[in-house]
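In the numbering used here, the protein residues as written are 1055 to 1237.
Even for Gly, the Cβ is constructed at its ideal location relative to N, Cα and C.
Model, not experiment: these values are computed from the prediction.
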Amino acid sequence: MRALFALLIATSPLAAEESEGLAAWDRIYDVASHPRCTNCHVGAQEAPMWEGLGYGAGAIHGMNIRADETRIGAESVPCRTCHVTSGRANTVAHAAPHILEAWRLPPVELAWLGASSAELCAQLRDPERNDGHDIESMADHVRSSPFVAWGFAPGAGREGAPGGPETFAQDLLVWGEAGTPCR
Ligand code: HEC
Ligand code: HEC
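This is the structure:
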């Protein structure tokens, strides 16, 4: 009887939705924990991170860069001194990356660096810790943000986060429809 009950649950549409939601979450976590995203989503620390191109994992941004409370380094050397605002392709290895938006760190509460799957999941579904987004507006952000676009296609020899903005947005929506399950 118990086995039959378990079978019914496992094959119910709800269970299918939950398992799809968890699979989507795993892909979301693969992206959000990728260095191309966490190098900026560093949380309270003032320094961005570098990864790849010979720096290995866990390297602090060189030249003693500090984002400070302004997140653009206004109190010391502003990010834009090197990361100019430009839509040109990034092609030169070791040059400061640029996008068509003022280069900066995210607000402190969007801290992803070092977060486990369960921690990041709880954070991303909490509007108080995700910049006030519901899942649909988060998907819209992902589709339109030049920061996210750069993270998937950084150019200049850097490895992009897996997938692209559209697949990431779709995974967010599947995860949201399944009730934002975590693991
Ligand atoms: C150069 C820095 C930078 C990089 C790299 C970066 N972000 Fe962000 N991100 C930001 C900033 C700044 C914000 C705050 C919103 C804004 O100002 O656009 C933000 C906000 C977000 C948000 C909305 C807030 C939230 O927590 O829901 C999401 C989602 C997001 N980023 C995803 C990503 C993903 C995915 C990547 C990697 C593919 C990435 N970001 C890479 C700077 C960055
Ligand atoms: C003095 C110049 C300079 C300033 C100022 C500067 N950067 Fe950079 N940044 C660079 C250079 C150069 C690189 C590329 C390093 C390399 O690949 O060898 C870089 C790379 C980066 C990367 C990409 C790392 C990666 O591997 O994904 C991020 C993120 C970053 N900087 C954030 C910032 C932020 C945020 C600020 C302001 C708070 C800032 N930088 C200020 C020169 C600068």
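DSSP places I1189 in the helix class (H, G or I) of the three-state scheme. Ligand 2 approaches G1127 closely enough that one of its heavy atoms is under 7 Å from the residue's Cβ. Taking all protein chains in view, the Cβ of T1092 is crowded by 16 or more other Cβ atoms within 10 Å, so the residue is classified as buried.
Between V1202 and the set G1075, I1082 and S1066, the nearest pair of CA atoms involves I1082.
Three or more Cβ pairs drawn from the segment 1202 to 1216 and the segment 1105 to 1114 lie within less than 8 Å of each other, which places the two stretches in contact. Secondary structure at W1104: strand, using DSSP grouped into helix, strand and coil. In this structure L1227 is not in contact with A1176, their Cβ atoms being roughly 19 Å apart against a cut-off of 8 Å. Linking N1118 to T1145 through their CA atoms gives a straight-line distance of about 24 Å. The beta carbon of W1204 sits closer than 6 Å to those of I1153, all from its chain and outside the five residues before and after it, given in chain order.
The continuous stretches of alpha helix (DSSP H) do not include P1235, and DSSP gives it neither H nor E.
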